[in-house]
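Per UniProt numbering, the sequence shown starts with residue 1, numbered consecutively.
Positions of the beta carbon are idealized from the N, C-alpha and C atoms, including for glycine.
All remarks here apply to the structure that follows.
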Amino acid sequence: TSPGRTLIMKRAAFLAATLLVVSVFAQTRDIPVAIGNLGVHYNLRSVISTDAHPLTAAVTGPIWCQVTLNEIPLPIVNSTFAQYGDPLRRKFSPDVNHTSHTASLEVGQTVHDSMGKYRCEIVIMENDKNEKTIFGNLMVYSSPFFHTNGSMNMRIENEYNKNSVIADTVSGTEGAEMVIHCPAVGSPKPNITWYLNDDLLVPSKRVHMYLGTYLNSTHGTKLTIDNFSPSDAGIYKCVATNKYPTRLDVDVKEHAATLRQEAKIGSPYGWIYPLLVILIILLLLFIIIYGCITYKRFRHDNYNVAKREKLLRTPSPVSSVASIKKCELEQSV
């Protein structure tokens with residue numbers, strides 16, 4: 001192929017690509033699109049959350065969207081918001097500003113329930129005849145935190161670093177499987193990194209890492225260690241991280257939360273102590289019930305004896321009348 005022919009072919013390809021871009025641009029300019037603030041985020045003051053006491057925080061503002069045609073906002077006929085993954089599939093009614101043609105929704109302060117992806121649905125009039133629904137996606141971001149049903153006790157490591165928490169020690173049996181949970185949640189879903197005594201842990205034949213297995217949650221992770229041995233005992237640390245923009249689509253920052261938990265080998269007879277406690281409770285319950293029954297029977301018997309004695313001491317009205325009549329007859333004789 002000659003150089004001249006190659007140049008002609010390149011120019012023809014460039015011209016075709018340019019015409020395609022211009023054609024697409026011309027078509028999209030006449031298509032209504034949804035725009036908005038794309039996302040807001042929570043300002044967390046803690047990283048501990050439970051079902052009984054869920055974490056709450058202030059959000060940077062409402063999420064809002066509008067429909068524009070050639071960059072001109074269109075009047076809103078109706079609007080609703082929906083949260084992806086909401087088990088109740090609720091529809092939220094936003095505040096509609098008919099002057100700026102925007103629909104805005106105040107997000108709830110309960111982080112675990114309100115974070116995530118939302119869909120904005122706006123109904124407009126197309127050609128002043130037909131209604132048309134335009135969709136847009138918005139995000140409510142949250143840095144990582146730890147959410148449980150209360151079965152795992154957690155406390156802040158120190159007042160100067162509230163993003164680091166300590167959980168209660170877990171005990172395992174030598175030679176058995178050890179399971180360590182990291183109930184990390186956030187939006188976007190956090191990435192989890194595991195450490196043992198500050199040394200990075202990687203999956204192996206004995207060490208397994210699973211996602212989304214904490215209390216049937218779609219978040220969190222667990223670490224399992226087969227054939228747990230004394231060399232596996234130590235301080236386990238899970239570091240949860242995620243990234244999101246704090247201002248429009250720029251200024252993307254990484255956020256992290258850390259959970260430390262000691263794992264050790266417990267006594268092989270550790271199950272005996274809970275069993276003894278249960279047996280003692282059952283024994284005390286039996287004694288209380290037996291004592292109540294015995295006392296009630298004793299009171300009932302004493303009451304009956306006293307009643308009989310009273311009846312014996314007090315003559316009946318019939319016998320009294322009979323005695324009086326007998327006395328009168330004797331006197332008349």
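Supposed contact pair residue j and residue i - C-beta distance, whole angstroms, cut 8 Å
i: Thr56; j: Val140; result: The Cβ separation is near 14 Å, so there is no contact.
i: Thr246; j: Asn191; result: The pair is not a contact, with the Cβ atoms about 18 Å apart (cut-off 8 Å).
i: Val123; j: Ser93; result: Incorrect: roughly 13 Å between the Cβ atoms, too far for contact.
i: Gly36; j: Gly136; result: 6 Å
i: Asp226; j: Glu174; result: Actually they are not in contact, since the Cβ atoms of Asp226 and Glu174 sit about 12 Å apart, beyond 8 Å.
Three-state secondary structure assigned by DSSP to residue i
i: Lys129; result: coil
i: Gly291; result: helix
i: Arg299; result: helix
i: Pro62; result: coil
i: Leu55; result: coil
i: Pro144; result: strand
i: Ser231; result: helix
i: Asn216; result: Residue placement at Asn216 is flagged as unreliable, the pLDDT there being 42, under the threshold of 50; a coordinate-derived value is accordingly withheld.
i: Ile272; result: helix
i: Trp194; result: strand
i: Gln261; result: strand
i: Val202; result: coil
Top-ranked residue by Cα proximity to residue i, from the options
i: Lys253; options: Ala184, Gln66, Leu69, Pro144; result: Pro144
i: Ile180; options: Phe298, Tyr195, Tyr244, Ile287; result: Tyr195
i: Asn97; options: Tyr160, Trp64, Leu285, Glu121; result: Trp64
i: Leu127; options: Arg297, Ile31, Gly85; result: Per the sequence shown, the amino acid found at residue 127 is Asn instead of Leu. Asn127 has its Cα closest to that of Ile31, out of Arg297, Ile31, Gly85.
i: Lys243; options: His255, Lys237, Gly108; result: His255
i: Phe228; options: Thr221, Gly266, Val239; result: Gly266
i: Ala82; options: Val107, Thr221, Leu223; result: Val107
i: Ser142; options: Thr60, Val67, Thr193, Leu282; result: Thr60
i: Pro62; options: Cys120, Leu283, Leu276, Val77; result: Cys120
Residue i Cβ short of 7 Å to the ligand PLP heavy atom set
i: Cys292; result: Questions concerning the ligand PLP fall outside what the structure shown contains, since it holds no ligand whatsoever.
First and last residue of the uninterrupted alpha helix (DSSP H) at residue i
i: Asp113; result: 111-114
Min CB distance residue i to chain B below 8 Å
i: Ser171; result: Considering every chain present, this structure includes no chain B. It has just one protein chain.
Residue range of the unbroken beta strand (DSSP E) whose run includes residue i
i: Asn161; result: 161-167
i: Pro245; result: 234-247
i: Ser79; result: 78-83
i: Glu177; result: No beta strand (DSSP E) contains Glu177, which DSSP labels as neither H nor E.
i: His208; result: 207-211
i: Met154; result: 154-158
i: Val33; result: 33-36
i: Thr221; result: 221-225
i: Ser104; result: 102-105
For this session: Could you tell me whether the segment 150-159 touches the segment 197-208, using the rule of 3 or more Cβ pairs below 8 Å?
Result: Contact check between the segment 150-159 and the segment 197-208: fewer than three CB pairs, one atom from each, fall below 8 Å, which does not count as touching.
Exercise. Taking contact to mean at least 3 C-beta pairs separated by less than 8 Å, is the segment 32-50 in contact with the segment 99-119?
Worked result: Inter-segment contact for the segment 32-50 and the segment 99-119 is present: three or more beta-carbon pairs are separated by less than 8 Å.
Exercise. Pairing CB atoms from the segment 231-240 with CB atoms from the segment 256-263, are three or more of them under 8 Å?
Worked result: Yes: at least three Cβ pairs fall under 8 Å.
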